[in-house]
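Novice: Protein chains in written order, with our numbering: chain R, 10 to 154; chain W, 10 to 154. All C-beta atoms, glycine included, are put in the ideal place defined by N, C-alpha and C. A single structure is presented below for examination.
2 protein chains.
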Amino acid sequence: MLTIGKLGAAAGVKVPTIRYYEQIGLLPPPGRSTGNQRLYPRAALDRLTFIRHARDLGFPLEAIRDLLSLSDRPDQSCAAADAIARTQLAAVRARIARLTALEAELQRMVAQCAHGTIASCRVIEVLGDHSHCADDDHARADAAA
Amino acid sequence: MLTIGKLGAAAGVKVPTIRYYEQIGLLPPPGRSTGNQRLYPRAALDRLTFIRHARDLGFPLEAIRDLLSLSDRPDQSCAAADAIARTQLAAVRARIARLTALEAELQRMVAQCAHGTIASCRVIEVLGDHSHCADDDHARADAAA
DNA sequence: CCTTGAACCTATAGGTGCTAGAGATATTAG
DNA sequence: CTAATATCTCTAGCACCTATAGGTTCAAGG
Ligand SMILES: [Zn+2]
Ligand SMILES: [Zn+2]
Ligand SMILES: [Zn+2]
Ligand SMILES: [Zn+2]
């Protein structure tokens, strides 16, 4: 049996985060010691490690919730799991595309500045007027990694 | 003079967002009509357009706040503004690097799945064990575009 | 056995950048 | 004048935690 601190250390997840996952139903409430402290079986470490790894790969908690419930039904087809992963891959690619457009524009902006006064600063000027931009590709879209 | 709706339409910013910017002190409180509705001078459109563009380029509101107060002092050196832009460029590049690592791992995961049952699904397996990953580069880091 | 200090408990609030809703008032077009 | 639209304030919610406060339990050393 593991205390919440040991569990967190083993999985690389902070203690309040574990409690948060329990609160939103991503981790089942574990048993308690006589003094009311959480005690986790080894299996909880696998589950938390799974969650942590999926978070590291950018999956949203809702997707992880679905993946976990799928992994509890080992006989079923994995099509649903694969679809979730492909969706995530597409989301990551979309973010990369957007960020790459931002990078180009920022790079241009920084490179063109002559390091004089604010009045002649290219950074300030470009920010004030999108028509100075080479690309339209930074139309607002999304967030989060 | 512009109503909040016209201002928002002109700058491509939603009305509640404008009120939010006012609330956090990013936009100065404008005058009001006799019926207590906000009335903006033309200059507010420039300021809001600046904010919108900087947001589109991923600058956090705090950085934009700094950039705006710099742009109010046109005689000063633009070094501080350039530094903010370079910081933003570095942040964008860091996110791209991280997302590119995620992309590679997700791609591998999806490609290796044989489309059988959950029990043999490579997606589920890799998520459960980071040692299946080719790279360590998805150690948690940041967020937001 | 007793004390100390770390780890644990609950509950609440904050952070980022908005967005959505309720319920009331103002303005504008027909 | 009336009806539709736009505005007003206030509050709560989104994702995903993180931090704080104020209290209890546990493990080890003396
Ligand atoms: Zn400059
Ligand atoms: Zn632009
Ligand atoms: Zn599969
Ligand atoms: Zn991995």
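Below 8 angstroms on C-beta distance, what does I127(W) contact in chain R?
Specialist: Result: L79, S80, R82, P83, D84, Q85, S86, C87 and A90.
Novice: Is there a C-beta anywhere in chain W that falls below 8 angstroms from the one on K23(R)?
Specialist: Not an interface residue.
Novice: Would you tell me roughly how many angstroms separate the C-alpha atoms of L11(W) and G137(R), rounded to the nearest one?
Specialist: When rounded, the distance between both Cα atoms is 19 angstroms.
Novice: Can you tell me whether DSSP reads S86(W) as helix, strand or coil?
Specialist: Strand, per DSSP.
Novice: Between which two residues does the alpha helix (DSSP H) holding L16(W) run?
Specialist: Taken as a continuous stretch (DSSP letters only), the alpha helix (DSSP H) holding L16(W) covers I13 to A20.
Novice: Taking 7 angstroms as the cut-off, is the CB of D65(W) close to at least one heavy atom of ligand 2?
Specialist: Yes, ligand 2 has a heavy atom inside 7 angstroms of this Cβ.
Novice: Is D112(R) near A143(R), with beta carbons less than 8 angstroms apart?
Specialist: Checking the displayed sequence, the identity of residue 112(R) turns out to be Glu instead of Asp. Going by C-beta atoms, E112(R) is not nearer than 8 angstroms to A143(R).
Novice: Mind checking who Y49(R) pairs with in its DSSP beta bridge?
Specialist: For Y49(R), which the question treats as bridged, DSSP gives the partners L11(R).
Novice: At least one CB of chain W closer than 8 angstroms to the CB of G137(R): is that the case?
Specialist: At least one chain W Cβ lies under 8 angstroms of G137(R).
Novice: For R41(W), which of I33(W), G34(W) and P50(W) has the nearest alpha-carbon?
Specialist: Comparing Cα positions, the closest option is P50(W).
Novice: So is the beta-carbon of A90(W) under 7 angstroms away from any non-hydrogen atom of ligand 1?
Specialist: Under cutoff, so the answer is yes.
Novice: Shortest alpha-carbon distance to D146(R) belongs to which of G125(R), I133(R) and A103(R)?
Specialist: For the residues G125(R), I133(R) and A103(R), the minimum Cα distance to D146(R) belongs to A103(R).
Novice: Does the contact criterion of 3 or more C-beta pairs under 8 angstroms hold for the segment 14 to 28 of chain W versus the segment 55 to 75 of chain W?
Specialist: Contact between the segment 14 to 28 of chain W and the segment 55 to 75 of chain W is present, because at least three Cβ pairs lie under 8 angstroms.
Novice: Is the closest heavy atom of ligand 3 to the C-beta of H124(W) under 7 angstroms?
Specialist: For ligand 3, at least one heavy atom lies less than 7 angstroms from the Cβ of H124(W).
Novice: Quick one, which of C130(W), A128(W), L35(W) and R107(W) has its alpha-carbon nearest R149(W)'s?
Specialist: It is R107(W) whose Cα lies nearest to the Cα of R149(W).
Novice: Of the choices L76(W), D65(W) and I133(W), whose alpha-carbon is the least far from that of H139(R)?
Specialist: Considering only alpha carbons, the answer is D65(W).
Novice: For R41(R), does the three-state DSSP call read helix, strand or coil?
Specialist: DSSP places R41(R) in strand when its eight states are reduced to three.
Novice: For the putative contact between R74(R) and L35(R), defined by C-beta atoms under 8 angstroms, what is the C-beta separation to the nearest angstrom?
Specialist: At roughly 6 angstroms, the Cβ-Cβ gap stays under 8 angstroms, so R74(R) and L35(R) are in contact.
Novice: Verify whether the separation of the beta carbon atoms of A128(R) and P83(W) is less than 8 angstroms.
Specialist: For A128(R) and P83(W), yes; Cβs fall inside 8 angstroms.
Novice: Would you mind sorting R28(R) into buried or exposed? The rule is 16 or more other CB atoms within 10 Å of its CB.
Specialist: Exposed, since its Cβ has fewer than 16 Cβ neighbours within 10 Å.
Novice: Taking 8 angstroms as the CB-CB limit, is A53(R) close to chain W?
Specialist: No, A53(R) does not count as interfacial toward chain W.
Novice: In the DSSP assignment, what are the bridge partners of T126(R)?
Specialist: According to DSSP, T126(R) bridges with S86(W).
Novice: Among residues of its own chain, excluding the 5 on either side of Y30(W), which ones have a beta-carbon nearer than 6 angstroms to its beta-carbon?
Specialist: These residues qualify, in order along the chain: L36.
Novice: Excluding the 5 residues preceding and the 5 following L48(W) in the sequence, name in chain order all residues of the same chain whose CB lies nearer than 8 angstroms to its CB.
Specialist: The answer, listed in chain order, is M10, L11, T12, P39, G40, R41 and S42.
Novice: Measure the C-alpha to C-alpha separation of T126(W) and P69(R) and round it to an integer number of angstroms.
Specialist: Taking the straight line from one Cα to the other gives about 23 angstroms.
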